[in-house]
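Working notes for the structure below.
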Amino acid sequence: MAKKKKRGPRPVERISIILIVLAFMAVSFGAGWYFGVRSTKYKGTVLLVNDKNRLSSSYVPEGLVNLYTSRHSFRLANSEIQLTRETYEAAEQMFHAAEEQNLNGYIITSGYRSYDRQAEVYAQSEPGKAQEPGASEHQTGLAFDVTTETSNGFESTPQYAWLMQHAHEYGFIQRYPANKADITGISYEPWHYRYVGVEVATQIHNTGMTLEEFVKRNR
Ligand SMILES: [Zn+2]
């Protein structure tokens with residue numbers, strides 16, 4: 002009986018298999034890198050600014066952009082408002098998505114505030130109405146105040162309701178929710194949003210935590 006030689010893959014087949022394996026490895030590595038970077042970006046390093054965690058007088062965020070020359074999907078209370086590029090781009094995407102659902106008319110009234118500017122705001126405000134310099138999240142360039150043309154308060158508008166549902170999908174949280182002043186140190190501010198990235202914002206949205214609680218839990 003003739004010995005039947007077990008047939009291995011021919012050279013051409015062998016090369017195809019190697020190419021397929023290499024392509025698969027490249028795709029998995031690429032996807033892993035992409036999602037890894039996205040999901041771990043803020044892990045443990047999310048910036049917390051409050052009365053107990055202050056920024057120095059020399060802290061200026063990198064990459065501030067003037068919204069007046071860049072923005073498309075929202076309005077501005079003045080031509081001086083700045084945010085970090087990442088925050089601006091996320092805000093642009095978010096308000097564009099709102100616009101596509103016929104919710105427009107958002108007006109950003111405040112963004113980055115320097116330490117010195119916050120000192121002026123503090124000096125001009127009634128006691129308890131503004132943060133001391135260094136303790137304001139506006140110095141991070143990651144936070145903005147928003148409103149619409151309304152006389153009834155922003156929290157009664159459909160634009161506010163949309164943000165409550167969707168802001169986290171773009172990396173934003175409502176930083177000072179109602180009934181959380183004992184934790185945040187600041188009473189309800191329906192107009193103030195903070196960029197923390199999509200992963201952190203989604204966790205905060207889903208759990209109802211404040212940023213203070215999130216940072217404590219992830220330290
Ligand atoms: Zn604010």
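Numbering-wise (my numbering), the sequence shown opens with residue 2 and increments by one.
Built from N, CA and C at the ideal position, the CB exists for glycine as well.
Query, Result
"Is Asp52 near ligand 1, in the sense that its beta carbon is under 6 Å from a heavy atom of that ligand?", "no"
"Based on the DSSP secondary-structure assignment, which residues constitute the bridge partners of Thr148?", "Ile108"
"Please determine, among Tyr161, Thr46, Asn51 and Leu20, the residue with the shortest C-alpha to C-alpha distance to His139.", "Asn51"
"Does the segment 64-77 come within contact of the segment 123-137, defined as at least 3 CB pairs closer than 8 Å?", "no"
"With distances taken from CA atoms, which of Ala92, His169, Leu212 and Trp192 is nearest Val199?", "His169"
"Tell me the DSSP secondary structure of Asn67 in three-state form.", "strand"
"As a quick check of your reading: which residues have a C-beta less than 5 Å from at least one non-hydrogen atom of ligand 1, in chain order?", "Asp146 and His193"
"Confirm the yes/no value for this check: CB of Ala78, any heavy atom of ligand 2, distance under 6 Å.", "Questions concerning ligand 2 fall outside what the structure shown contains, since the ligands it does hold are ligand 1."
"Are the CB atoms of Ile109 and Ile82 within a distance shorter than 7 Å?", "yes"
"Excluding five sequence neighbours on each side, which residues of the same chain lie with their C-beta closer than 6 Å to the C-beta of Val147?", "Tyr107, Ile109 and Trp192"
"Kindly indicate the opening and closing residues of the alpha helix (DSSP H) around Phe96.", "Arg86 to Glu101"
"Return yes when the Cβ of Leu77 is within less than 7 Å of the Cβ of Tyr113, no when it is not.", "no"
"Indicate whether Tyr89 and Phe145 have their beta-carbon atoms separated by less than 7 Å.", "no"
"Can you list, in chain order, the residues of its chain whose CB lies under 6 Å from that of Phe215, leaving out five sequence neighbours each side?", "Ile205"
"According to DSSP, Tyr196 sits in a beta bridge with which residue or residues?", "Phe173"
"With which residues is Gln83 paired in a DSSP beta bridge?", "Asn67"
"Could you give the first and the last residue of the continuous alpha helix (DSSP H) run that contains Asp183?", "Ala182 to Thr185"
"Apart from the five residues just before and just after Glu133, which ones in its own chain have a Cβ nearer than 7 Å to its Cβ?", "Tyr123"
"Under a three-way DSSP split, which group does Leu143 fall into?", "coil"
"With distance defined between alpha-carbon atoms, name the residue in Asn103, Leu143 and Val201 nearest to Thr85.", "Leu143"
"In or out: Gly37 buried (at least 16 other Cβ within 10 Å) or exposed?", "Model confidence at Gly37 stands at a pLDDT of 39, short of 50, so the residue's coordinates are unreliable and nothing is read from them."
"Measuring only the C-alpha atoms, how far is Ala136 from Pro178?", "18 Å"
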